[in-house]
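Only one structure is covered here, and it is reproduced in the block below.
Residue numbers (the UniProt record's numbering): 1 to 107.
Okay, structure coming up:
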(Lines of atoms letter the chains of each structure in order from A; the text may use other names.)
(Lines give C-alpha, C1' and ligand atoms only; values in the text may rest on other atoms or scores of the structure.)
Protein backbone atom coordinates (compact mmCIF):
# COMPACT_ATOMS: atom_id res chain seq x y z
CA UNK A 1 0.00 0.00 0.00
CA UNK A 2 1.16 3.52 -0.79
CA UNK A 3 1.42 6.11 1.92
CA UNK A 4 -0.72 9.20 1.54
CA UNK A 5 1.25 12.23 0.44
CA UNK A 6 0.84 15.43 2.43
CA UNK A 7 1.46 18.69 0.61
CA UNK A 8 2.40 21.99 2.21
CA UNK A 9 0.09 24.97 2.07
CA UNK A 10 2.66 26.80 -0.06
CA UNK A 11 2.73 23.97 -2.61
CA UNK A 12 -1.07 23.90 -2.81
CA UNK A 13 -1.26 27.68 -3.17
CA UNK A 14 1.32 27.66 -5.95
CA UNK A 15 -0.58 24.98 -7.87
CA UNK A 16 -3.97 26.70 -7.41
CA UNK A 17 -2.63 30.08 -8.49
CA UNK A 18 -1.24 28.44 -11.59
CA UNK A 19 -4.68 26.97 -12.29
CA UNK A 20 -6.30 30.38 -11.82
CA UNK A 21 -3.83 32.02 -14.21
CA UNK A 22 -5.28 29.75 -16.92
CA UNK A 23 -2.00 29.53 -18.84
CA UNK A 24 -2.18 25.74 -18.77
CA UNK A 25 -4.98 23.23 -18.40
CA UNK A 26 -5.65 21.49 -15.11
CA UNK A 27 -4.38 18.24 -16.62
CA UNK A 28 -1.08 19.84 -17.65
CA UNK A 29 -0.61 21.33 -14.20
CA UNK A 30 -1.51 18.01 -12.58
CA UNK A 31 1.12 16.29 -14.69
CA UNK A 32 3.70 19.00 -13.88
CA UNK A 33 3.20 18.61 -10.11
CA UNK A 34 2.44 14.84 -10.17
CA UNK A 35 -0.95 15.38 -8.55
CA UNK A 36 -4.35 14.12 -9.62
CA UNK A 37 -6.53 16.65 -11.49
CA UNK A 38 -9.34 15.78 -9.05
CA UNK A 39 -7.14 16.80 -6.12
CA UNK A 40 -6.22 20.05 -7.86
CA UNK A 41 -9.88 20.81 -8.48
CA UNK A 42 -10.65 20.19 -4.80
CA UNK A 43 -7.81 22.52 -3.75
CA UNK A 44 -9.10 25.19 -6.14
CA UNK A 45 -12.64 24.89 -4.78
CA UNK A 46 -11.41 25.14 -1.18
CA UNK A 47 -9.18 28.10 -2.07
CA UNK A 48 -12.05 30.00 -3.67
CA UNK A 49 -14.41 29.23 -0.76
CA UNK A 50 -11.94 30.62 1.78
CA UNK A 51 -10.77 33.60 -0.27
CA UNK A 52 -13.29 36.07 1.26
CA UNK A 53 -11.85 35.37 4.73
CA UNK A 54 -8.65 37.13 3.69
CA UNK A 55 -10.46 40.44 3.36
CA UNK A 56 -12.66 40.20 6.44
CA UNK A 57 -12.24 42.96 8.98
CA UNK A 58 -11.61 42.04 12.59
CA UNK A 59 -10.30 38.86 14.12
CA UNK A 60 -11.05 35.46 12.63
CA UNK A 61 -12.73 32.67 14.57
CA UNK A 62 -9.36 31.04 15.26
CA UNK A 63 -7.96 34.32 16.57
CA UNK A 64 -11.01 34.79 18.81
CA UNK A 65 -10.61 31.28 20.20
CA UNK A 66 -6.89 31.84 20.80
CA UNK A 67 -7.59 35.11 22.61
CA UNK A 68 -10.22 33.38 24.76
CA UNK A 69 -7.77 30.64 25.71
CA UNK A 70 -5.05 33.18 26.51
CA UNK A 71 -7.46 35.05 28.80
CA UNK A 72 -8.34 31.77 30.52
CA UNK A 73 -4.65 30.94 31.03
CA UNK A 74 -3.99 34.41 32.44
CA UNK A 75 -6.91 33.99 34.85
CA UNK A 76 -5.55 30.61 36.01
CA UNK A 77 -2.07 32.07 36.50
CA UNK A 78 -3.53 34.89 38.63
CA UNK A 79 -5.39 32.28 40.71
CA UNK A 80 -2.21 30.24 41.18
CA UNK A 81 -0.39 33.37 42.31
CA UNK A 82 -3.16 34.22 44.80
CA UNK A 83 -3.23 30.68 46.21
CA UNK A 84 0.57 30.59 46.52
CA UNK A 85 0.46 33.88 48.41
CA UNK A 86 -2.25 32.55 50.73
CA UNK A 87 -0.34 29.32 51.45
CA UNK A 88 2.83 31.28 52.25
CA UNK A 89 0.84 33.60 54.52
CA UNK A 90 -0.74 30.62 56.33
CA UNK A 91 2.66 29.02 56.88
CA UNK A 92 4.03 32.26 58.30
CA UNK A 93 1.03 32.78 60.60
CA UNK A 94 1.16 29.15 61.73
CA UNK A 95 4.79 29.63 62.71
CA UNK A 96 3.91 32.88 64.54
CA UNK A 97 0.99 31.36 66.45
CA UNK A 98 2.24 27.84 67.13
CA UNK A 99 5.95 28.56 67.37
CA UNK A 100 8.85 28.01 64.99
CA UNK A 101 8.96 24.22 65.46
CA UNK A 102 5.20 23.58 65.19
CA UNK A 103 5.74 20.98 62.47
CA UNK A 104 7.82 18.78 64.78
CA UNK A 105 5.25 18.93 67.58
CA UNK A 106 2.33 17.83 65.39
CA UNK A 107 3.89 14.48 64.53
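Beta carbons: idealized from backbone N, C-alpha and C, even for Gly.
Given the structure is predicted, the values throughout are model-derived calculations rather than measurements.
Distance between residue j and residue i (C-alpha atoms, nearest Å)
{"i": "residue 66", "j": "residue 76", "result": "15 Å"}
{"i": "residue 99", "j": "residue 87", "result": "17 Å"}
{"i": "residue 70", "j": "residue 63", "result": "10 Å"}
{"i": "residue 57", "j": "residue 96", "result": "59 Å"}
{"i": "residue 45", "j": "residue 73", "result": "37 Å"}
{"i": "residue 31", "j": "residue 7", "result": "15 Å"}
{"i": "residue 85", "j": "residue 68", "result": "26 Å"}
{"i": "residue 11", "j": "residue 1", "result": "24 Å"}
{"i": "residue 90", "j": "residue 83", "result": "10 Å"}
{"i": "residue 79", "j": "residue 93", "result": "21 Å"}
Beta-carbon gap between residue i and residue j smaller than 8 Å
{"i": "residue 35", "j": "residue 15", "result": "yes"}
Expected contact under 8 Å - CB spacing of residue i and residue j to nearest Å
{"i": "residue 60", "j": "residue 53", "result": "7 Å"}
Closest residue to residue i among the options (Cα-Cα distance)
{"i": "residue 13", "options": "94, 25, 51 and 27", "result": "51"}
{"i": "residue 5", "options": "25, 55 and 33", "result": "33"}
Item checked: Given 8 Å, three or more beta-carbon pairs between the region 39-53 and the region 7-19 -> yes
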